[in-house]
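Presented below is the structure to which this report refers.
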Amino acid sequence: MEPTPEQSPHHAYPDHWEADVVLRDGGTARIRPITTDDAERLVSFYEQVSDESKYYRFFAPYPRLSDRDVHRFTHHDYVDRVGLAVTIGGEFIGTVRFDRINEQGRPASAPADEAEVAFLVQDAHQGRGVASALLEHIAAVARERGIRRFAAEVLPANNKMIKVFRHAGYTQQRSFEDGSVHLTLDLEPTEKSLAVQRGREQRAEARSVQRLLAPGSVAVIGTGRTPGGVGRTVLRNLLAAGFTGRTYAVNRAFDEGLATLDGISAHRSLGEIGEQIDLAVIAVPAHRVPEAVADCGEHGVQGLVVLSAGYAERGSAGRELQRELVRQARSYGMRIIGPNAFGIINTAESVRLNASLAPESPARGRIGLFTQSGAIGIALLSGLHRRGAGLSSFISAGNRADVSGNDFLQYSFEDQDTDVALLYLESLGNPRKFTRLARRTAAVKPVVVVKGARHSGTNPPGHAVPVSRIPDATVSALMRQAGVIRVDTVTEMVDAGLLLAGQPLPAGPRVAILGNSESLGLLTYDACLAEGLRPRPPRDLTTAASPQDFRDALAEALADGTCDAVIVTAIPWVGENGEAETGDGEVLAAALHGAAAGGPAKPVAVVHVEIGGLAEALAAASSTAAPRTRPTTLAAQPSGSSAAPTGPGAAATEPPAAATEAEGTGQVEGTAEGGGSGEAAGDEPPGRIPAYPAAERAVRALAEVVKYAQWRRQAATPGKVPEFLDETTDEPGAAALIGTLLGATPDPRGRPLTHDEARELLGRYGIPVRPTLPAPDPEAAVAAAARLGYPVALKTTAPHLRHRADLGGVRLDLADEDALRRAYGEFTELLGKPAELLPVVQSMAPRGVDTVVRASIDAAAGAILSFGLAGAPSELLGDTAHRLVPATDRDAAELIRSIKAAPVLFGWRGSAPVDTPALEELLLRLSRLVDDHPEVVSVALEPVVVAPQGLTVLGASVRLAPPPPRGDLGPRRLPSY
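Take the sequence shown: its position 442, counting from 1, is numbered 504 in the working numbering, and each next residue is one higher.
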């Protein structure tokens, strides 16, 4: 909404202050600046506010606004006087205003840095978190305009408003003056205020997904009059799943006399229903969707699943239709799954929702599944159904215009029916937020991700999100830092999900292998070694082994304190007549079940080859364990509940049920202390043992689980930033230097620093760079060497020869003037003129291992710290490790040890180990630099020579630029594409 000419022409309408937000109850609203066009809206809003709320706002009876009031509250200069409104359906539901004041409390202009703030929220919308959201946004606006403090006067009886200020997390002072509470808030964000903001965001977004997955009523808009078609299919699936709520069929083309369809109420519009509709499934052509959305918004529908295609996947015109769809839905406070979605499923007994195109709803289980691809969703649901495994929830988001994988993580974190979250993603709209949410979720329950479109460098059609330029290997490393189990294929995702959902986490990488095939045992052993596990020699039970032998051997392995997990291998028995007996699968399943039920809590996996009936027995075997009681599900919790989630983990946890996608896999259902999940009515039995048709698949899944278990143990005691960094860094001096180097009007493209400038900036953070002196001719080289002291190195700084000793661009250990002159002559003879080579002289550093340390800013992912060995290992083989900034002491230690060439640093082949503590300190100092100063957008330290004692930074390049926006630190808002 643009301002009219009556407003101050020198302060343009700040459209970047507009934002869509999710409120506490899961509904959405829009926050925007108030303009002169809002006079009628303001009057209408005020008329709907109770006398008590008006009294709390104005400290006196104030039944109506005068014309002067309306003018004052709608005319702002967007600098000293700012007003924001929260709207739903275009109408105000809440407002906030600040006026800049001086020390005497009178109106003022900059540089005064305090403002008086006041709120008013419509009574019908109080308790939805409207004032809290307004405070976040008006505080961000104030900081942008140079205001550092808010002052507010609140009546003591206005407890709701006092709580809004008190719980915001800002540093504040309170006093009681003249019958009112005087509050002063310091608007500088604090750890507490960010934690409060993110906690509110988590609860609101989780609730918004929960409202979609657990509606009390569903209307299918676009239900066909004859069997077939998308709408009629969804209606049939809703009925077949036994949805516990009310279901309605809606189609404007229905005959006026049509009262029912497939036994449910049929209507031509939502208005005819006469009841509240929670969820609408829209299955009409794209050109009719706006009409359907408007009908939903006007009748209070809470959320939409849009199955209709013809949006961003069709090109630019469709992309604009998609943007308009999101804008229209959010204007009414509704969230969207889709468009071009496959649908949603919730198997909770209290809901039984199948609002999707899947012909059969999966069994109840403990796995939550999110997919951005309908085709992948179909394959997963089909595979799960074939294997008898189940899900807690399923979302196929289609074009992912609104509800995303981040929202699903928010929901999964709280949902007590979900113990494992599986996500198939083709794009990451907000990587910073994803890693933050994934880290928090993975600390209590596993998160397994398959990332599609890894190498295309673009987003799939329909996914209008920012494109990250970081390589896929870096994305994978950052996911692992956050505790995400990143796998390459959907099959691997399900294999890992099976093990995580049905078994406890292992205490370490030691694996016992037993079975009736020596060859299959050796294949499993080799696979374990290849995946970095520590297998014990396989135990061959021989082909004559009976199911009882398997049971005894498994029980013995589980009781052995030197193993952390067991892999059982099995092939068909050979009968007395020499023929394979393939029909003993049920007997073997019972034997393994019995051993697992009585043994310690350790993960067990089965590798089987062509044993008839085994897969069926593994999936269908029943448990003899007593059912366990689960907490009330999120769907049944009151709004605002945030009970702590449970998930698989150590011996005290309750791992969930399992699922598998590939043919030939199955599960044994058993119990073990600390394993399994609850078995409420219709739920999956606890303690399923996953089975795999190939040793490599079972071992790969176990290896991922072992790494996750290790991460989770470490996450329980997170790393720290050493205190010495505070004592030996000069943050103010670095900030002043950066300001000087960038200038008053910095170039948006930024600027590289000279060698001396980079040395000075890095030195402020305790990172010394060995000086270099230019050598434009032999005499200058000799003079530089005399100044630095022999021995010296002669290097070219030409971009095509930099750090290329293999091409003759570096000459080392020049002990005297003769050696230096000789090397200089060879330089110019072989490589070119000095003006082209740009040679420099540098004193020699102690011998060691050449490494490279980098930090860079990705607009989507944030600051990234990287480490590798200099030269071929990192440049040719890509052997580089990455961590998100800020890095902790643990991150720095893991960064060094996670590259494949790490043994070179620790005494490989008898060489002296280098000073890795000094290297870790360097990584922490660089991390601190780029975290403190976002203007430092790129740093490369190359080479960093790490000796047995100490290290030397021989080269450094730094680039400064105006800092990119940090959306993760601002007020919460939904993405707008």
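Cβ atoms here follow ideal geometry from the backbone N, Cα and C, with glycine treated the same way.
Owing to the predicted nature of the structure, the values given are computational and were not obtained by experimental measurement.
Nearest-angstrom Cβ-Cβ length linking residue i and residue j, presumed shorter than 8 Å
i	j	result
Leu1043	Thr631	Residue 1043 falls outside the range modelled here, since the chain spans only 63 to 1039, and no answer is possible.
Leu419	Val292	7 Å
Val911	Leu984	13 Å between Cβ atoms; not a contact.
Phe456	Leu471	With 8 Å as the limit, Phe456 and Leu471 do not qualify as a contact, their Cβ atoms being about 15 Å apart.
Ile633	Val666	Actually they are not in contact, since the Cβ atoms of Ile633 and Val666 sit about 18 Å apart, beyond 8 Å.
Val312	Thr288	The pair is not a contact, with the Cβ atoms about 16 Å apart (cut-off 8 Å).
Leu27	Tyr886	Examination of residue 27 is not possible in this model, given that the chain is present from 63 through 1039 alone.
Ser435	Tyr486	6 Å
Gly452	Pro493	That pair is no contact at about 31 Å.
Leu146	Leu196	6 Å
Thr433	Ser458	5 Å
Thr246	Gln234	6 Å
Gln184	Phe135	Gln184 to Phe135, Cβ: 15 Å. No contact.
Leu249	Ala204	6 Å
Val628	Tyr754	About 14 Å; that fails the 8 Å criterion.
Val511	Val552	At roughly 11 Å, the Cβ-Cβ gap does not stay under 8 Å, so Val511 and Val552 are not in contact.
Contact check, residue i vs residue j, beta carbons under 8 Å
i	j	result
Arg832	Ala932	no
Ser951	Gly781	The amino acid at residue 951 is misidentified as Ser; the sequence shows Asp. A contact, by the Cβ cut-off of 8 Å.
Val346	Ala354	yes
Phe154	Val179	no
Thr913	Gly930	yes
Ala657	Leu620	yes
Ile326	Thr306	no
Pro566	Ala504	no
Ala771	Pro568	yes
Ser331	Arg314	yes
His944	Ile961	no
Val144	His138	yes
Asp240	Ser279	no
Pro901	Ala848	no
Asp481	Ala563	yes
Gly89	Gln338	no
Contacts around residue i, its chain only, beta-carbon distance under 6 Å, and the 5 residues preceding and following it disregarded
i	result
Ala653	Pro609, Phe612, Arg613
Ala81	Ile93, Arg1035
Ala483	Gly430, Ser474, Val509
Arg1021	Gly812, Pro814, Val999, Ser1000
Pro1033	Glu198, His199, Ala202
Asp994	Glu793
Ala845	none
Glu879	Val844
Leu415	Phe305, Asn408
Arg883	Pro840
Glu725	With a pLDDT of 36 at Glu725, under the threshold of 50, the modelled position of that residue is not reliable, and the figure given next carries that caveat. None.
Per DSSP, the bridge partner or partners of residue i
i	result
Pro814	Arg1021
Glu422	None, per the DSSP bridge assignment.
Asp602	Gly577
Leu415	Asn408
Val512	Tyr486, Val549
Phe181	Val158
Thr246	Ala213, Gln235
Phe456	Ile407, Leu431
Arg884	None; Arg884 has no bridge partner.
His857	According to the sequence as given, residue 857 is Lys; it is not His. DSSP output for Lys857 lists Val872, Val902 as bridge partner(s).
Beta-carbon contacts of residue i that lie in its chain and below 7 Å, excluding the five residues immediately before and after
i	result
Leu787	Leu986, Arg987, Arg990
Ala777	Ala505, Gly545
Glu593	Val761, Arg762, Ala765
Residue i Cβ short of 7 Å to the ligand ADP heavy atom set
i	result
Ala500	As far as ligands go, the structure on display features none, and thus does not contain the ligand ADP.
Neighbourhood of residue i by C-beta distance below 8 Å, restricted to the same chain and skipping five residues each side
i	result
Tyr373	Ala348, Gly380, Arg381, Leu383, Gln384, Leu387, Pro401, Asn402, Asn461, Ala463, Gly524
Gly969	Pro975
Short CB-CB distance (under 8 Å) between residue i and chain C
i	result
Pro896	Chain labels in this structure do not include chain C; a single protein chain is all it has.
Could I get the ranges of all uninterrupted alpha helix (DSSP H) runs contained in the stretch 924 to 964, with 4 residues as the minimum, in chain order?
934 to 937, 951 to 959
Every unbroken alpha helix (DSSP H) within the stretch 109 to 151, with a cutoff of 4 residues, ordered by chain
113 to 120, 129 to 136
Quick one: complete beta strand (DSSP E) runs, 3+ long, within the stretch 344 to 380?
365 to 368
Restricting to runs no shorter than 3 residues, where is the beta strand (DSSP E) found entirely within the stretch 289 to 327?
Runs found: 308 to 312.
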